[in-house]
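Visitor: Before I ask anything, let me first share the structure, which is written out below as structure tokens.
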Amino acid sequence: MSVPAAKTGGPGEAQARHVAIIMDGNGRWAKKRRMPRAFGHQKGVEAVRALVRGAQGLGLEVLTLYAFSTENWRRPEDEISDLMGLMERFILSDLEEMAGNNIRLKIIGDYKAFKGELVDLIEGALTRTAANTGTTIAVALNYGSMDEIARAATKAAAEGPITPETIARHLDTADLPPLDLLIRTSGEERLSNFLLWQAAYAELWFTDVLWPDFTADHLKQAMQDFATRERRYGGR
Ligand code: FPP
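In numbering that gives the first Met the number 0, the protein residues as written are 0 to 235.
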């Protein structure tokens with residue numbers, strides 16, 4: 000597998016190309032306000048909207064957002080249906096603005112497991128933004144890293160020997176630049192089956208901020224921290 004070249008210059012030079020976020024803490028945000036979890040998720044979508052708008056000026060090529068994991072099916076049915084409804088409404092309300100802002104949408108994960116109308120809306124959004132050349136917003140839907148790696152390994156095995164390169168070529172992220180920075184909100188410090196392969200050399204950034212309170216300024220701060228870190232990829 001090709002490992003990115005180590006930084007040659009001093010600190011303060013690296014511009015993150017690909018940032019991913021584990022958006023955590025909607026439930027706790029709502030609980031603190033004695034509101035239902037659904038309200039927290041609704042505010043979580045508003046944070047997504049504001050961040051997508053605010054990310055425009057940050058020079059990012061890709062922002063990957065963990066919206067629904069393969070493990071999220073274990074949540075109560077009404078919460079799952081709230082999340083699906085929020086995603087439908089988000090596409091309906093925000094697609095034209097995103098398309099007009101040159102955003103390309105991409106999905107990682109097996110989104111075809113969702114119900115038909117949502118799959119159709121997602122595919123319409125992918126087609127609508129496919130030719131755009133600005134920031135790619137990659138949304139992880141029914142995504143689990145172990146599932147992704149198993150799917151990629153199956154495809155690689157059908158073609159010949161399994162190597163890191165042949166697996167990487169079949170990951171859902173194969174067409175994206177290497178992951179530079181992985182952010183998790185809400186004080187939790189684990190990867191939760193998100194981009195395990197891609198995070199091999201990523202910088203990790205954790206914050207206590209709950210997802211609904213996360214803004215483009217926090218993203219900017221994480222990217223500024225990233226710029227000062229020295230990445231050695233196992234070299235020295
Ligand atoms: C984690 O908070 C959040 C989720 C499981 C869902 C994240 C989804 C969104 C923010 C909406 C995504 C929508 C679009 C349009 C991309 P939690 O419920 O686990 O919070 P808790 O740990 O405090 O209970």
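The beta-carbon is built from N, C-alpha and C at its ideal position, and this holds for glycine as well.
Please identify the residue among G133, K31 and I166 whose C-alpha is closest to the C-alpha of L62.
Guide: Position 63 of the sequence shown, counted from the first residue, corresponds to residue 62. Here the closest residue by C-alpha is G133.
Visitor: Do you know how far the Cα of A157 is from the Cα of M0?
Guide: Mapped onto the sequence shown, residue 0 falls at position 1. Mapped onto the sequence shown, residue 157 falls at position 158. Reliability fails at M0, whose pLDDT of 48 lies under 50, so the model's placement of it is uncertain and the value that follows must be treated cautiously. Answer to the nearest angstrom: the Cα atoms are 19 Å apart.
Visitor: Pull up the distance between the alpha-carbon of R16 and that of M222, whole angstroms please.
Guide: Taking the first residue of the sequence shown as 1, we reach residue 16 at position 17. Taking the first residue of the sequence shown as 1, we reach residue 222 at position 223. Between R16 and M222, the C-alpha separation is close to 10 Å.
Visitor: How far does the beta strand (DSSP E) with V208 in it reach, from first residue to last?
Guide: Here residue 208 is taken as the residue at index 209 of the sequence shown, counted from 1. That residue, V208, is in no beta strand (DSSP E); it is neither H nor E in DSSP.
Visitor: Under the assumption that D23 contacts E164 (Cβ atoms under 8 Å), give the Cβ distance between them as a whole number of angstroms.
Guide: Within the sequence shown, numbered from 1, the residue matching residue 23 stands at position 24. Within the sequence shown, numbered from 1, the residue matching residue 164 stands at position 165. Going by Cβ atoms, the distance from D23 to E164 rounds to 32 Å, so no, they are not a contact pair.
Visitor: Please indicate yes or no: does the CB of S185 lie closer than 7 Å to some heavy atom of the ligand FPP?
Guide: Reading the sequence shown from its first residue, position 186 is the one you call residue 185. It does: the Cβ of S185 is within 7 Å (strictly closer) of some heavy atom of the ligand FPP.
Visitor: Where does I90 sit, in a helix, a strand or coil, going by DSSP?
Guide: As a working mapping, residue 90 is identified with position 91 in the sequence shown. The answer is helix: DSSP assigns I90 an H, G or I state.
Visitor: Taking 8 Å as the threshold, find out whether the segment 27-42 comes into contact with the segment 95-111 through three or more Cβ pairs.
Guide: Output reads no: the segment 95-111 does not touch the segment 27-42.
Visitor: Take V208 and list the residues in its own chain whose beta-carbon comes closer than 7 Å to its own, dropping the five residues that flank it on each side.
Guide: Along the sequence shown, one-based indexing puts residue 208 at 209. Contacts found: T184 and H217.
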